[in-house]
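Numbered per the working numbering, the sequence shown spans residues 9 to 284.
Glycine included, C-beta positions come from ideal geometry on N, C-alpha and C.
If you're wondering where the values come from, they're calculated on a predicted model, not measured in any experiment.
First the structure, in the form of structure tokens, and then the observations on it.
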Amino acid sequence: MSSFASTFFRVERDGPVAILSMNRPDKANGMTPDFWTDLPQLMDELGRDETVRVAILRGEGKHFTGGMDLAAFADVATLLQKEAGRAAYALRDMILRLQNAFNAIERARFPVIAEIHGACIGGGIDLITACDLRIASEEAHFSIEEIHIGMAADVGTLQRLPKLISPSIAAELAYTGRRFLADEAKAIGLLSSVLPDREALQSASRQIARDIAEKSPLAIAGIKRNLAYARDHSVADGLDYIATWNAGMLRPADLMSAVQAKMARTKATFADLLKA
């Protein structure tokens with residue numbers, strides 16, 4: 009259990025799985041200022057806990073998240089009343105701080121699974137594109153909402169979504185802001201699976217998390233790091249990076265445990281990543 013007392017998230021543990029629930033159901037889990045400060049702190053703290061091997065990110069109530077809380081735009085309006093140059097500098101600084109909340113998901117040594125139900129709009133798209141896996145229930149719906157309020161999404165959607173789905177489809181969704189449903193999200197590659205209801209969704213996310221948690225945490229960390237590196241680099245650079253990574257990180261203990269377990273048709277056990 010995290011010792012950090014978040015005002016936005018409820019944190020639970022299921023063995024090696026950390027479950028982070030956005031806990032503002034009366035406001036569709038709108039992203040208030042404490043969301044943006046709490047998320048990176050939680051990611052960093054969970055990363056220091058050697059027993060955490062996977063995290064699940066979900067929302068309480070009827071929706072995953074309705075995106076940025078509208079009160080935050082009042083703060084932006086106040087900020088823009090400053091002298092033009094200083095207002096622009098302050099706004100850029102604010103956007104970079106918001107971006108850092110989602111960058112923290114990518115920095116985490118463990119995979120983060122987005123468990124999506126109901127609405128996932130605006131900042132919700134920025135959030136799930138930073139996660140490693142995305143699954144949803146049938147009634148989930150999505151929208152890059154920012155275009156409807158006269159702005160371009162600026163905390164990750166436009167940068168990450170075209171790396172996950174066809175750039176042409178990403179462009180159409182960003183330009184129009186149209187709503188799309190879970191089945192379409194899966195068809196275009198945003199989701200890995202769609203479940204019939206929320207109960208099945210929660211069961212599936214926990215099962216995936218447990219399956220990942222049983223694997224070598226060193227290998228899982230290597231996969232996460234190299235997938236992110238390959239996304240942003242050429243194939244040649246990615247191949248060179250994984251060669252260097254495995255040359256430095258591959259160790260006989262995990263390999264022998266995995267091979268012996270496979271031969272004996274049992275499950276291997278692996279030490280936590282941060283243990284000596």
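According to the neighbour-count rule (16 or more other Cβ atoms, all chains shown, within 10 Å of its Cβ), is residue 284 buried or exposed?
Interpretation of residue 284 is limited by its pLDDT of 46, a score under 50 that renders its predicted location unreliable; the figure taken from the coordinates is listed afterwards. Exposed.
Would you mind listing the beta strand (DSSP E) stretches within the region 164 to 248 that are 3+ residues and don't spill past its ends, in chain order?
201 to 203
Let me check one thing: in DSSP terms, what residues is residue 30 bridge-paired to?
17 and 67
My understanding is that residue 110 touches residue 133, with C-beta atoms under 8 Å, so please give their C-beta distance in whole angstroms.
That belief does not hold up - the Cβ atoms of residue 110 and residue 133 are roughly 11 Å apart, past 8 Å.
Going along the chain, which residues of its own chain have a beta-carbon closer than 6 Å to the beta-carbon of residue 62, five neighbours each way excluded?
25, 118, 119, 217, 220 and 221
Residue 61 bridges to which residues according to DSSP?
Answer by DSSP bridge pairing: none, since residue 61 is not bridged.
Taking only three categories from DSSP, how would you classify residue 123?
strand
So, using beta-carbon positions, are residue 6 and residue 164 closer together than 8 Å?
The chain is shown only over 9 to 284; residue 6 falls outside these bounds and no answer can be derived.
Give the straight-line distance between the Cα atoms of residue 77 and residue 270, rounded to the nearest whole angstrom.
49 Å
Going by the beta-carbon positions, is the gap between residue 169 and residue 137 smaller than 8 Å?
yes
Would you mind reading off the limits of the alpha helix (DSSP H) that contains residue 94?
92 to 115
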